[in-house]
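Residue numbers for the sequence shown, in the numbering used here: 19 to 274.
See below for the structure under consideration.
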Amino acid sequence: MTKSRFRPCIDLHQGKVKQIVGGTLRDDGPGPKENFVSELGAGDFAKKFRDDRLTGGHVIKLGPGNDEAAREALAAWPGGMQIGGGIHVDNAQEWLDAGASHVIVTSWLFDDGVRLSDDKVRLLAERIGPERLVIDLSCRRDGDGWTVATNRWQTLTDLKVDECSLDRLAPFCDEFLIHAADVEGLCGGIDHQLVELLGSWGGKPVTYAGGASSMQDLESIDLLGGGRVDVTVGSALDLFGGDKLCYRDLVEWNCR
């Protein structure tokens, strides 16, 4: 029987491990709302995930100034984590060589950050192999559905998150990563309808991120997603200064 599993994450901003409210990460105006800033380096977190044999997690570079920290994490858990943030066809192999199991790509796949380019999708998949590519379809609520958002979730694209889009992109990647940006970092619960959509599709592995703040949320993801949707947890986790979920409980949840 397929079961959802917890996947770890390391979010990097200005070279530090942070947890940020997703909708506040902007190029203009005041800085993002930070829920947590760690005194430990990215490598320290990656070593913990390595020691606990947590695979399939991701390192996300939120803007410039994060390459050194990202390399530190990948070196600490070679082959154990994916890398995203500023990845494109000319540097993807470089990050794989640095120890990433996969590269995670969103913005580069869209011309002007708005229009999905099938040519770019094919080019990247051909260059590194679809088995090394994770397509990030992180999104925002738009009417009665969801629209992919690029450029650190600031720009809405022409691509909806639905079964048609997932079918269109599935041949070119190994899995999908989907942040529900409107609930990311708020610790206010998951987007149940989005999880249900992802689980009903079930064509490729999918990791959902956004709002998980209790074991009930994780159980809901497992139930609504039919065991086909994995989950990552950020601000609610005690590892990142939260008080709602215990990291050790999630490690044990993977072994259930």
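C-beta atoms are modelled at their ideal positions from N, C-alpha and C, and glycine is treated no differently.
Note that the structure is predicted; figures quoted are calculated from it, not measured.
From residue i to residue j, what does the alpha carbon distance come to, in whole angstroms?
{"i": "VAL139", "j": "LEU216", "result": "21 Å"}
{"i": "PHE128", "j": "GLY229", "result": "26 Å"}
{"i": "ALA93", "j": "ILE196", "result": "25 Å"}
{"i": "LEU241", "j": "ASP130", "result": "38 Å"}
{"i": "ARG246", "j": "PRO223", "result": "7 Å"}
{"i": "GLY161", "j": "GLN211", "result": "13 Å"}
{"i": "SER22", "j": "LYS51", "result": "30 Å"}
{"i": "VAL269", "j": "LEU72", "result": "8 Å"}
{"i": "ARG145", "j": "VAL107", "result": "7 Å"}
{"i": "ILE78", "j": "VAL123", "result": "10 Å"}
{"i": "LEU142", "j": "ILE105", "result": "10 Å"}
{"i": "ILE258", "j": "GLY61", "result": "It is worth fixing the name first, because residue 258 is Phe in this sequence and not Ile. C-alpha separation (whole angstroms): 14 Å."}
In three-state DSSP terms, what is residue i?
{"i": "GLY75", "result": "strand"}
{"i": "HIS210", "result": "helix"}
{"i": "ARG89", "result": "helix"}
{"i": "VAL247", "result": "strand"}
{"i": "ASP256", "result": "helix"}
{"i": "VAL139", "result": "helix"}
{"i": "VAL152", "result": "strand"}
{"i": "TRP95", "result": "coil"}
{"i": "ALA110", "result": "helix"}
{"i": "LEU195", "result": "strand"}
{"i": "ILE105", "result": "coil"}
{"i": "ARG133", "result": "strand"}
Taking residue i as part of the beta strand (DSSP E), name the residues at either end of that continuous run.
{"i": "MET233", "result": "Per DSSP, MET233 belongs to no beta strand (DSSP E); it is in the alpha helix (DSSP H), 233-242."}
{"i": "GLU181", "result": "It is not in any beta strand (DSSP E) - GLU181 instead sits in the alpha helix (DSSP H) that spans 181-187."}
{"i": "LYS34", "result": "34-38"}
{"i": "LEU174", "result": "173-178"}
{"i": "VAL55", "result": "52-55"}
{"i": "LEU30", "result": "27-31"}
{"i": "TRP164", "result": "163-168"}
{"i": "ASP160", "result": "157-160"}
In chain order, what residues of the same chain lie with their CB nearer than 8 Å to the CB of residue i, ignoring the 5 residues before and after it?
{"i": "GLY75", "result": "ARG25, PRO26, CYS27, ILE28, PHE67, GLY98, MET99, GLN100, THR250"}
{"i": "ASP192", "result": "HIS120, PRO148, GLU149, ARG150, LEU151, VAL152, LYS222, PRO223"}
{"i": "ASP267", "result": "MET233"}
Could you pull out every residue in the same chain whose Cβ sits closer than 7 Å to the Cβ of residue i, ignoring the five residues on either side in sequence?
{"i": "VAL132", "result": "THR173, THR175, ASP176"}
{"i": "ASP209", "result": "ALA198, VAL201, GLY228, GLY229"}
{"i": "ALA254", "result": "CYS205, ALA230, SER231, GLY260, LYS262, LEU263"}
{"i": "GLU181", "result": "TRP219"}
{"i": "TRP271", "result": "PHE24, LEU236"}
Could you spell out where the alpha helix (DSSP H) holding residue i opens and where it closes?
{"i": "ALA116", "result": "Counting along the chain, ALA116 falls outside any alpha helix (DSSP H), and DSSP gives it neither H nor E."}
{"i": "ASP69", "result": "60-69"}
{"i": "VAL269", "result": "265-271"}
For residue i, verify whether its CB is less than 7 Å away from any heavy atom of the ligand COA.
{"i": "ASP248", "result": "Absence of the ligand COA from the depicted structure is noted, as is the absence of any ligand whatsoever, leaving it without description."}
- [ ] Take every Cβ of the region 28-37, pair it with every Cβ of the region 78-97, and state whether three or more of those distances are shorter than 8 Å.
- [x] Output reads yes: the region 78-97 touches the region 28-37.
TODO: Take every Cβ of the region 54-63, pair it with every Cβ of the region 99-118, and state whether three or more of those distances are shorter than 8 Å.
DONE: no
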